[in-house]
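Inspection log for the structure reproduced underneath, given as structure tokens.
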């Protein structure tokens with residue numbers, strides 16, 4: 023029947039929920055691994071598995087706990103260290119541990135609590151709405167002891183503003199106002215947590231108990247109706263037997279009446295004959311016959327009166343029998359309808375229904391619950407027999423993708439950590455190199471210009487990864503200014519000074535210059551050429567130039583000539599040999 027089918031469905035759902043809870047639900051793989059390892063000591067459970075609350079507070083509790091619902095509560099720091107070592111050795115992922123020995127509770131200030139009781143929409147501190155074992159009090163208060171619960175986001179916003187957003191606030195719908203005033207809300211994908219699973223399991227168990235009791239009540243009702251029908255049938259049979267006896271009695275009396283009627287007619291004929299004879303010899307006999315005639319006539323009248331009475335009684339009994347047959351037919355139809363309802367809607371036989379007990383609640387309350395359950399059943403829709411196979415396929419794909427997602431997230435975290443480390447290294451190395459080059463730049467600038475001052479300045483010293491660099495140069499006899507205010511030759515020599523400063527700090531084996539001194543006059547070209555001697559046996563320079571003065575400081579010259587149109591030829595001169 024429908025009810026039995028619903029009971030089977032609820033039982034199946036309860037089994038699935040219990041199995042999911044026993045297997046860790048949607049806990050991260052690393053957390054499941056730790057909880058299921060019997061070799062690890064001091065492991066209690068996740069925070070989400072250690073707390074419970076009423077249905078209306080589940081969404082707020084899950085929001086308040088957030089990721090911490092999967093944090094593992096352990097006995098002490100040693101237990102946490104052992105578990106972390108196990109995860110590292112086995113490469114099972116990462117998890118967060120809360121040692122009972124060191125986690126301290128958090129609370130809301132008393133003055134603030136007293137003020138909050140006057141605020142509209144304030145429900146209390148969320149830790150007051152959850153149940154847990156006393157041993158976990160510090161853990162629960164640490165996570166929930168300073169989080170406020172409000173009914174709506176509007177009231178939460180008002181309260182947060184009035185207390186300067188010093189405490190986190192969550193609403194019954196799961197909206198959040200964080201410390202400092204930032205807000206989180208909206209809708210999210212449905213993902214069942216251990217808290218939701220436990221809450222749903224309890225709800226399903228209650229529904230199953232109510233449905234079971236209703237089935238038992240219907241079975242009892244069916245038994246009562248069958249018993250009542252049996253009593254009606256027995257009463258009807260008894261009345262039919264009584265009617266049959268009355269009919270038989272009437273037939274017997276009718277037979278006697280007919281016999282007496284025949285006898286009377288004979289006597290009347292005999293009396294008539296005697297009257298015709300008219301003799302005294304027959305006077306006594308005549309008197310006797312007349313007397314007998316009147317006796318028979320009186321008896322006949324008595325029998326006719328009795329017959330009329332019996333006929334009236336018979337008609338009354340027939341009417342009563344007809345009424346009883348109609349009533350029995352109605353009860354039979356009603357009973358058949360109830361038996362059909364038991365069979366089709368509840369899959370119950372009369373005997374099974376009779377074994378159940380009586381209703382413990384009011385009939386109207388039970389009917390209301392039945393309507394609610396039927397509406398829920400309509401919302402569930404038809405059972406998709408292929409859903410199990412489809413679920414297994416999707417679940418396998420989901421767990422595979424989830425594992426890949428976790429791997430990607432771990433890789434992302436690792437890359438971000440490496441990037442942070444690299445940023446720190448870059449900042450440190452950049453600052454160190456910048457300081458060295460700045461000092462060297464000043465020396466090289468003075469040597470190439472024959473005096474003057476120069477320096478490098480950071481445009482944004484607070485952000486070494488994004489800062490720019492300004493070159494401040496003041497040749498001899500000029501006021502300190504930026505490089506943009508210098509002449510073309512001065513800019514070139516300043517740039518060469520910075521280039522030589524960098525080479526002095528970071529020596530390289532080979533360097534290519536392409537007409538870097540083209541804008542310099544003869545005197546400055548000479549300064550440039552002499553400074554190149556600093557790099558003998560350190561750096562080999564290949565210089566592309568048209569300045570003859572620069573060529574004088576080269577060890578080897580390579581020239582390109584075109585004696586024939588379209589044909590280039592290389593000519594080299596080693597100046598050391600010439601010298």
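Numbering (our numbering), first residue to last: 23 to 601.
Beta carbons are placed, not taken as given, at the ideal position from N, Cα and C, and that holds for glycine.
Here the structure is a predicted model, which is why all the values come from computation and not from measurement.
Query: Segment limits, beta strand (DSSP E) that includes residue 191; Result: 190-193
Query: From 96, 144, 105, residue whose alpha carbon lies closest to that of residue 125; Result: 96
Query: Segment limits, beta strand (DSSP E) that includes residue 157; Result: Taken as a continuous stretch (DSSP letters only), residue 157 belongs to no beta strand (DSSP E), as it is neither H nor E.
Query: Buried versus exposed, by CB contacts within 10 Å (16 or more), residue 349; Result: exposed
Query: Between the CA atoms of residue 374 and residue 365 - distance to the nearest angstrom; Result: 11 Å
Query: According to DSSP, residues forming a beta bridge with residue 578; Result: 596
Query: Closest Cα partner of residue 260 within the set 326, 277, 342; Result: 342
Query: Bridge partners - residue 475, DSSP secondary structure assignment; Result: 496
Query: Assigned secondary structure, residue 93 (DSSP; H/G/I helix, E/B strand, else coil); Result: coil
Query: Limits of the beta strand (DSSP E) - the one that residue 144 falls within; Result: 144-147
Query: N-terminal and C-terminal residue of the beta strand (DSSP E) that residue 134 is part of; Result: Premise fails: residue 134 lies in the alpha helix (DSSP H), 132-138, not in any beta strand (DSSP E).
Query: Cβ neighbour criterion (16 or more within 10 Å) applied to residue 516; Result: buried
Query: contact_flag[the stretch 412-424, the stretch 449-462] where n(CB pairs < 8 Å) is 3 or more; Result: no
Query: Nearest-angstrom beta carbon gap, residue 192 and residue 85 [assumed within contact, 8 Å]; Result: 5 Å
Query: Beta-carbon spacing of residue 145, residue 194 below 9 Å; Result: yes
Query: Cβ distance (whole Å) where residue 65 is taken to contact residue 94 below 8 Å; Result: 7 Å
Query: Runs of alpha helix (DSSP H) wholly within the stretch 311-398 (minimum 4 residues, chain order); Result: 372-377
Query: Residue from 587, 581, 168 with nearest C-alpha to residue 566; Result: 581
Query: Three-state secondary structure (DSSP) of residue 537; Result: coil
Query: When 118, 325, 239, 264 are compared against residue 281, the one with the closest alpha-carbon; Result: 325
Query: Alpha carbon of residue 398 to alpha carbon of residue 406, nearest angstrom; Result: 16 Å
Query: Straight-line gap, residue 52 to residue 116 (C-alpha atoms, nearest Å); Result: 6 Å
Query: Beta-ladder partner(s) of residue 269, from DSSP; Result: Paired residues: none, contrary to the question.
Query: Collapsed DSSP secondary structure at residue 126 in the structure displayed; Result: coil
Query: For residue 421 and residue 130, the rounded distance between their alpha carbons; Result: 40 Å
Query: Per DSSP, cross-strand counterpart(s) of residue 564; Result: 534
Query: Residue closest to residue 507, alpha-carbon to alpha-carbon, out of 81, 493, 540, 153; Result: 493
Query: 9 Å Cβ cutoff met for residue 68 and residue 112; Result: no
Query: Distance CB(residue 167)-CB(residue 182) smaller than 9 Å; Result: no
Query: Assigned secondary structure, residue 67 (DSSP; H/G/I helix, E/B strand, else coil); Result: strand
Query: 8 Å contact criterion, which residue 289 and residue 314 should meet: CB distance rounded; Result: 6 Å
Query: Residue range of the unbroken alpha helix (DSSP H) whose run includes residue 518; Result: 510-527
Query: Residue from 543, 468, 465, 386 whose Cα sits closest to the Cα of residue 509; Result: 543
Query: Bounding residues of the beta strand (DSSP E) (the contiguous stretch that carries residue 507); Result: First-last for residue 507: undefined, no H or E at that position.
Query: Where residue 597 falls, given that 16 or more other Cβ within 10 Å makes a residue buried; Result: exposed
Query: Euclidean distance between Cα positions of residue 394 and residue 142; Result: 33 Å
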